[in-house]
Each structure stands twice: as C-alpha cells, then as structure tokens.
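Participant: If you count the sequence shown from 1, position 86 lands on 214 in this note's numbering, and the numbers rise without skipping.
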Amino acid sequence: MIFKVIAKQELAKLFEALLANRVVGPVRKGSDKNGTPIYSFEVVYDFTQLQLDYTSTQYPAKRFFLPYTETLCTFEIAGDSWEKKVDFNIYQPQVLFGLHACDINALNKLDKVLLESAYPTPYYASKRKNMFIVGIDCEPQPYCFCRSMGTDTALHGFDMFLTDLGKKYFVEIQSAAAYNYLKHMQTSDPTEEDHLRYMAVEEARHEKFMAQVDTTDLTKILDMEFQSEVWKHWGDKCLSCGTCASVCPTCYCYGVAETVDLDLKHAAKMKHLHSCNLIDFAEVAGGHNFRPDSHTRLKYRYYHKHRGFVEAFEESLCVGCGRCGEACLANITVPEVIASVRHEEI
Ligand code: SF4
Ligand code: SF4
C-alpha cells in the first residue's frame, strides 16, 4: 500500500484522465418528499456531476457489472442449421468513481461466488476484470450497520481510496494503474500532520455509527431458531415484493428464460436477477412450490446471507448497507429481524 495526499482540485484532472473509459459515479437525482437528496449511480461525463459527499444511493452500482437483465446468448436459425452467438456485453473498461467501503466489500463478496467459485460466470468476470475503482469515505447514516458486519472499511478490492481531510484527500493506492494515473497529478507524501488528521477523521466517523447487529454466534443461533415463531411474525408483514433483493449490493440469484421470435428465426437466452422473496422463486416444473409461504421465503433470505454464506466463505453475505430496510414498505430491517431472532429488545 502506498499513501499520498492530493489537493481536491487535482481530482478533476484524475476524472478527466479516466474519461477514456466509461465512468460511473454518484449523482443527485432529485429529492424525496422531505427534501432529502436522492442519489443514484449513473454514467458521468463531467466531474461537476459527481456528488462525492453523497450519503447513500437507493440502488447499488450492481447494474453496471451484474445487470438486472442480460442476454446470455442469441441464436440465428436458417433452415436446418443454427448459429449461437455469445456476447459478454463489455465494450469498454469501466470506472466506478466514489464507491463507499460497504459497496467495495459487496463486490469482494460477489467475487467469491461469481469469480472464484467452482463455476465462475464469464459475464461477470469480463466486467469485473475491466474495472477501475476509486473508493471514498462515507458519512455513516442512521440505518448503516456496516461496522457490525466488519465492512465499514475496505482492505482490498479498489485501485485507490480517498479520505476527505478538508482541503485535500488522503489517498490509499493499491494498484499499479492507480499509481500511474496519479504520477500525472500533483500529489505529495503525507506528512505526520496528515497521518494524525486521517486518524482523527476515521475516529470521528466510527463514533457516528448508530445501528448495530450482534453477530456473535449468529450461525449457531440461526440453527437453533430455525423453527422460531419470529419468522412467521416477519413473514406476515412481508409483501413478497422483492425490493430488498433489488436494492441489495450482494443479492445475485437469477433465473434464465428462453425466448423465440414469432418468425422462428431468432431466439435468445436471457438472465434476470430474481429475489428469493418472490412467490415463484422456489416453484419448479409441474407447479410445486417448495416455499409457498412468505415467511419461509423471508427466512431463506436471512439464512442465505447470515448462515449458508458464512459456512461456505467464513463471512456474511450482508455488508450492512441498510438499503433493504430503507426500501422495505413493510419496514422490515435486518437489525430488527436479527435482534428478534436473538430474543433481544429492539
Ligand atoms: S422489501 Fe420488505 S416487503 Fe418486500 S420482499 Fe423484502 S422484506 Fe418483504
Ligand atoms: S441484506 Fe440489506 S443491509 Fe445487507 S447488504 Fe443487502 S441491502 Fe445491505
């Protein structure tokens, strides 16, 4: 790891240099009914569009590397022969400019399944391997519990990471590409004063976390509470809308559908991200549904995130971003569900 400091105005030059790629970053999309800004990850063409002091985005940047709908392959049929075309749907390297630590950690978790498992997916890998990530420190929101999940800082998975020191950024450099970009900007080695300022900023940030989840022995507790009535309690509230999965930076479950054009000359195989809370998620051919009740589906989501994934990878699949709880119309939040499973006061 190499550390540098860079004046804030120099960052615009870095952005310009990166513009040869597709740059995705946080922009303001409007306000909610209380006047609170709404932010979204979008393709950005001008540095002034970027809102690097954003709170959180409603949706993660997932659609830029794990699209909600993706064509896996197409078929051209002519007479008795047919040709299959596979396109990994990546046309230029992509820069994610301004990811918070939780979203970087979410990518690291997706990598474990989609890049490093026995069956890596080339559609994800092609995008992931052509990615340059500029991380940036965040201001903890009342619903963030990333500190409980150990994802409030990113140790890897980025090219450079910025921490706001006031008039300048403290920069952690993790890749040769980042180092080479910064060679053309005015940077300097951090002074002792910069180190102290960095530590003070981080300490102040840590004190702002409010929401928490007690993960102590959580896998064992989940095993013991598999038949608990709390699942029915939360399941009865759940609308089975699937919003929680669509805003989650680590939900990757999907379904595949094949379509044939009416002229019978073209066909396509499409992938659609799915949600385990949707009523047909566990329905199989013949119409049998292995999870017909909302509480069994909701329970499955929690067991995947906090039980199964931990067993497979020794870490949770939840990064504690709090997006699912903020988006849920039934006000179902991870801290409340886990606390109830632990029989704790909320
Ligand atoms: S967002 Fe809330 S209501 Fe909708 S499926 Fe998820 S938990 Fe259920
Ligand atoms: S389960 Fe909720 S809190 Fe956890 S990573 Fe997904 S959206 Fe964020």
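Virtual Cβ for every residue (Gly too), placed ideally from N, Cα, C.
Should P463 and F273 be called a contact, given that it needs their Cβ atoms to be closer than 7 Å?
Facilitator: Taking the sequence shown and counting its residues from 1, the one referred to as residue 463 is at position 335. Taking the sequence shown and counting its residues from 1, the one referred to as residue 273 is at position 145. Going by C-beta atoms, P463 is nearer than 7 Å to F273.
Participant: Where does I264 sit, in a helix, a strand or coil, going by DSSP?
Facilitator: For the purposes of this step, residue 264 is identified with residue 136 of the sequence shown, where counting begins at 1. Looking at I264 - three-state DSSP - the assignment turns out to be strand.
Participant: Just how far apart, CA to CA, sit C230 and D280?
Facilitator: One-based indexing of the sequence shown puts residue 230 at position 102. One-based indexing of the sequence shown puts residue 280 at position 152. Cα to Cα, C230 sits roughly 6 Å from D280.
Participant: Closer than 6 Å: is that where the CB of G207 sits relative to any heavy atom of ligand 2?
Facilitator: The residue labelled residue 207 in the question sits at position 79 within the sequence shown. No, ligand 2 has no heavy atom inside 6 Å of this Cβ.
Participant: In its own chain, which residues sit with a C-beta less than 6 Å from the C-beta of A140, not counting the 5 before and 5 after it?
Facilitator: Against the sequence shown, residue 140 aligns to sequence position 12. Excluding positions up to five away in sequence, the list reads F175.
Participant: Taking all protein chains shown into account, do 16 or more other C-beta atoms lie within 10 angstroms of the C-beta of H284, making it buried, or fewer, making it exposed?
Facilitator: Taking the first residue of the sequence shown as position 1, residue 284 is located at position 156. Exposed, since its Cβ has fewer than 16 Cβ neighbours within 10 Å.
Participant: Straight-line CA distance for L310 to D292?
Facilitator: For the purposes of this step, residue 310 is taken as the residue at position 182 of the sequence shown. For the purposes of this step, residue 292 is taken as the residue at position 164 of the sequence shown. The alpha-carbon atoms of L310 and D292 are separated by roughly 17 Å.
Participant: If you draw a straight line from the C-alpha of R451 to the C-alpha of C366, how long is it?
Facilitator: Within the sequence shown, the letter at position 323 stands for residue 451. Within the sequence shown, the letter at position 238 stands for residue 366. R451 and C366: Cα-Cα distance of roughly 16 Å.
Participant: Going by the CB atoms, is the gap between A135 and K296 shorter than 7 Å?
Facilitator: By 1-based counting over the sequence shown, the position of residue 296 is 168. By 1-based counting over the sequence shown, the position of residue 135 is 7. Taking 7 Å as the Cβ cut-off, K296 and A135 qualify as a contacting pair.
Participant: Check whether chain B comes within 7 Å of E321, counting only Cβ atoms and requiring the distance to be less than that.
Facilitator: Protein chains in the displayed structure number just one, and chain B is not present.
Participant: I'd like to know whether the C-beta atoms of D469 and E353 end up nearer to each other than 7 Å.
Facilitator: Counting from one through the sequence shown, the residue named residue 469 turns up at place 341. Counting from one through the sequence shown, the residue named residue 353 turns up at place 225. The sequence given here places Val at residue 469; Asp does not occur at that position. Taking 7 Å as the Cβ cut-off, V469 and E353 qualify as a contacting pair.
Participant: Would you say the beta carbon of V462 comes nearer than 6 Å to a heavy atom of ligand 2?
Facilitator: Counted from its first residue, the sequence shown places residue 462 at position 334. True, at least one ligand heavy atom lies under 6 Å from that Cβ.
Participant: Less than 7 Å between the C-beta atoms of I205 and K393, yes or no?
Facilitator: Working through the sequence shown from its first residue, we reach residue 205 at position 77. Working through the sequence shown from its first residue, we reach residue 393 at position 265. Closer than 7 Å, so yes.
Participant: Closer than 6 Å is what we want: which residues have a beta carbon that near any heavy atom of ligand 2? List them in chain order.
Facilitator: Cβ atoms closer than 6 Å to ligand 2 belong to V375, C376, P377, T378, K433, C446, V447, G448, C449, G450, R451, C452 and V462.
Participant: Looking only at its chain, what residues have a beta carbon closer than 8 Å to the beta carbon of D351, apart from the 5 residues adjacent to it on each side?
Facilitator: Counting from one through the sequence shown, the residue named residue 351 turns up at place 223. Same-chain partners within the cutoff: R435.
Participant: Once you ignore the five residues that flank K433 on each side, which residues in its own chain have a CB closer than 7 Å to its CB?
Facilitator: Position 305 of the sequence shown holds residue 433. Correct list, in chain order: S444, L445 and C446.
Participant: Are A395 and F203 close, meaning C-beta to C-beta below 7 Å?
Facilitator: For the purposes of this step, residue 395 is identified with residue 267 of the sequence shown, where counting begins at 1. For the purposes of this step, residue 203 is identified with residue 75 of the sequence shown, where counting begins at 1. In contact: A395 and F203 (Cβ atoms closer than 7 Å).
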